[in-house]
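In full-length UniProt numbering, the protein residues as written are 1 to 386.
Cβ atoms here follow ideal geometry from the backbone N, Cα and C, with glycine treated the same way.
Before any comments, here is the structure.
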Ligand SMILES: [Zn+2]
């Protein structure tokens, strides 16, 4: 097999290839450079590579690289995009990997280009000519903005494997669950008019007051009804994040908008929650003479849950000597679970450094992660006939 670059050289090249994804168009970039690097290295190691443009964004790509065949197997998955960066708050060039104080600095070093370099370096040092089940490296687009890469894969349903690991930075702790995230907007349209006579209009702010009290009652019901001891905040939450309405004290408020998020526990359905909220609105419209619209600011992310008894969770608890836990951030995990894989989140580097200026991966995370990857490949691709 042709030699591939060293781990540090791969990480340097991945970080030097910008792949920011962002809902603000001026930041948003293609991930093609990163996909091409991964495709080159993996195909030189004998992987069959499939590069797929996203249905709605032809400049962005998912990569599925497969070695071996069978209907079981293991997926090692990561996203190829990064968040934007604050240039003036970086001490070094975010696109140039720099080692200082036993840490590797660069945009995407821990979240999560470094993971791919670690995976490929581990794989190339293993003897994999006799795989009993396939080893699949999955590289997705757009995780940081819309998760449209993973959503597209889930819709296509073509990726099949029994187990999956997503190498998001968890400081090497196995993660088996997280909450869902929904970000919603409620827009109330009333009728403005002179403030001296309330009958001249329909006050959108008054109506929003009713909306908010209904939502707060609903929130209390959810809190009383659901709890999950796996989470530090063990109930579903709803946060009112911003509100805008009206313009002048002497005008009846004609429009008011509220944005809020809702974080559901595993087992709760985002769609059912939306339907319950929508049901609260018609009686307020009728009572206040306003029109009330509910819409999503972003496509929702379902909650994620893999049973603690799953073989991959157990295997990772043994390999890391740590109990599986939960996190407060969302991942592509629910989409991989939808495809029928038992999925866990476990990766090098800390979420505390992700999405921050001077993002880094500590050097001491690399070797333990390589041992986890090696252990999983041995267990699920080399030894098993399942
Ligand atoms: Zn990430």
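Item, Value
"Three or more C-beta pairs under 8 Å: does that hold for the stretch 98-107 against the stretch 122-135?", "no"
"Take residue 334 as the anchor and find which of 252, 136 and 154 has the nearest alpha-carbon.", "154"
"Cβ atoms of residue 19 and residue 59: under 8 Å apart, would you say?", "no"
"From this set, 72, 262, 144 and 363, which residue's C-alpha is nearest residue 164's C-alpha?", "72"
"Do residue 56 and residue 148 count as a contact pair if the criterion is CB distance below 8 Å?", "yes"
"Taking 7 Å as the cut-off, is the CB of residue 111 close to at least one heavy atom of ligand 1?", "yes"
"Whole angstroms is fine: what's the gap from residue 241's alpha carbon to residue 181's?", "14 Å"
"Relative to the C-alpha of residue 297, which candidate in 258, 107, 355 and 275 has its C-alpha closest?", "258"
"Would you mind giving the Cβ-Cβ distance between residue 115 and residue 347, rounded to the nearest angstrom? I have them listed as a contact below 8 Å.", "5 Å"
"When the Cα atoms are used, what is the spatial distance from residue 179 to residue 68?", "34 Å"
"Buried or exposed for residue 187, please, with buried defined as at least 16 other CB atoms from any protein chain shown within 10 angstroms of its CB.", "buried"
"Buried or exposed: where does residue 176 fall if 16 or more other Cβ atoms within 10 Å of its Cβ makes it buried?", "buried"
"How would you label residue 172, buried or exposed, when you count the other beta carbons within 10 angstroms and need 16 or more for buried?", "buried"
"Assuming residue 62 contacts residue 140 under a Cβ cut-off of 8 Å, what Cβ separation, rounded to an integer in Å, is found between them?", "5 Å"
"Sorted by chain position, which residues of the same chain lie with C-beta nearer than 7 Å to residue 12's C-beta, five sequence neighbours on each side aside?", "97"
"I need the boundaries of the beta strand (DSSP E) containing residue 49, first residue and last residue.", "48-54"
"So, are the CB atoms of residue 360 and residue 85 less than 8 Å apart?", "no"
"Can you tell me which of 117, 208, 120 and 110 puts its alpha carbon nearest to the alpha carbon of residue 170?", "110"
"Thinking just about the alpha-carbon of each residue, which of 200, 277 and 24 is nearest to the one in residue 190?", "200"
"Give the DSSP bridge partners of residue 239, in chain order.", "261"
"Whole angstroms are fine: how far does the CA of residue 167 sit from the CA of residue 82?", "14 Å"
"Under the rule that 16 or more other beta-carbon atoms within 10 Å means buried, what is residue 353, buried or exposed?", "buried"
"Is the beta carbon of residue 304 less than 8 Å from the beta carbon of residue 266?", "yes"
"Below 8 Å between beta carbons: does that hold for residue 294 and residue 184?", "yes"
"Run through the stretch 109-142 for me and flag every whole beta strand (DSSP E) of 3 or more residues, listed as ranges in chain order.", "135-140"
"Under the three-state reduction of DSSP, which class applies to residue 15: helix, strand or coil?", "helix"
"Can you name, in chain order, every residue of its own chain whose Cβ lies under 7 Å from the Cβ of residue 205, other than the five neighbours on each side?", "245, 246, 253 and 256"
"What do you reckon, is the C-beta of residue 26 under 7 Å from a heavy atom of ligand 1?", "no"
"So residue 133 and residue 70 are supposed to be a Cβ contact under 8 Å. How far apart are they, rounded?", "4 Å"
"Please return the same chain residues whose Cβ sits closer than 8 Å to the Cβ of residue 381, not counting the five positions on each side in sequence.", "68, 73, 74, 128, 131, 132, 133, 134 and 135"
"List the endpoints of the continuous alpha helix (DSSP H) containing residue 62.", "Counting along the chain, residue 62 falls outside any alpha helix (DSSP H), though it belongs to the beta strand (DSSP E) covering 57-67."
"Note the first and the last residue of the continuous beta strand (DSSP E) segment covering residue 178.", "175-178"
"Buried or exposed, going by whether 16 or more other CB atoms sit within 10 Å of the CB of residue 27?", "exposed"
"Assuming residue 349 contacts residue 365 under a Cβ cut-off of 8 Å, what Cβ separation, rounded to an integer in Å, is found between them?", "6 Å"
"Looking at residue 79 and ligand 1, is the gap between the Cβ and the nearest heavy atom below 7 Å?", "yes"
"What residues match up with residue 293 in a beta bridge as DSSP calls it?", "187"
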